[in-house]
Structure formats: structure tokens, C-alpha cells
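This report concerns only the one structure given below.
In UniProt numbering, the protein residues as written are 1 to 90.
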């Protein structure tokens with residue numbers, strides 16, 4: 001499954017177009033490498049999302065074509081979830 005679609009199905013990102021834009025902005029890593037929107041995701045892969053003040057790292061558990069909202073969290077395991085301070089905070 002494409003990473004942009006996986007991010008949408010898993011509800012890590014609300015819309016696929018937003019997921020595509022974030023990938024193109026080099027904010028998504030797949031197994032440590034910058035991921036293009038078309039990068040293929042499979043169970044066992046590590047996905048890292050770097051937002052402005054948030055770092056989220058998850059392990060992919062499954063890649064179904066669709067998932068109900070209340071089941072989306074079952075598609076991944078959170079490995080790291082960090083909130084970062086503003087620039088200059090120590």
C-alpha cells in the first residue's frame with residue numbers, strides 16, 4: 001500500500017492529499033529514509049512523522065484498504081510520541 005494512503009486509512013493524517021503534501025515536504029520517513037507519497041508500506045515497517053512540534057514514530061501492523069475509525073489505531077503500534085517545545089526552549 002502507498003504510504004499516503006496508509007496514513008489516511010490509519011487516521012494518522014486526516015486526508016490523503018495532506019499526507020501527499022507532507023511526504024513531498026520530506027516530513028515522513030519510512031524505515032529511516034525520506035518517503036515519497038508512492039513509497040510502499042508493509043507490516044513491520046517503521047514510519048516517522050515529523051510535524052512542527054510533534055514527532056511520532058509507529059510500527060505498521062497491517063495495511064488494509066479501509067478501516068473503521070474506531071479500529072484505525074489497531075493498524076499501528078506507537079513507538080515514540082514526543083511533543084517538542086518552541087524554538088529556543090531547553
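Think of the CB as a built atom: it goes at the ideal place given N, C-alpha and C, for glycine as much as any other residue. Predicted model only: the values in this text are computed from it and were never measured.
Query	Result
Could you name the residues of the same chain whose beta carbon sits closer than 7 Å to that of residue 35, not counting the 5 residues immediately before and after it, in chain order?	3, 23, 28 and 29
According to DSSP, is residue 80 helix, strand or coil?	strand
Counting only the same chain and skipping the five closest in sequence on each side, list residues whose C-beta sits under 8 Å from that of residue 37.	2, 3, 4, 19, 20, 23 and 24
Once you ignore the five residues that flank residue 55 on each side, which residues in its own chain have a CB closer than 6 Å to its CB?	82
With distance defined between alpha-carbon atoms, name the residue in 32, 71 and 73 nearest to residue 49.	32
Provide the residue span of the beta strand (DSSP E) that contains residue 29, from first to last.	28–30
Along the chain, where does the alpha helix (DSSP H) that runs through residue 24 open and close?	16–24
In chain order, what residues of the same chain have a beta carbon less than 6 Å from the beta carbon of residue 80, not counting five sequence neighbours either side?	57
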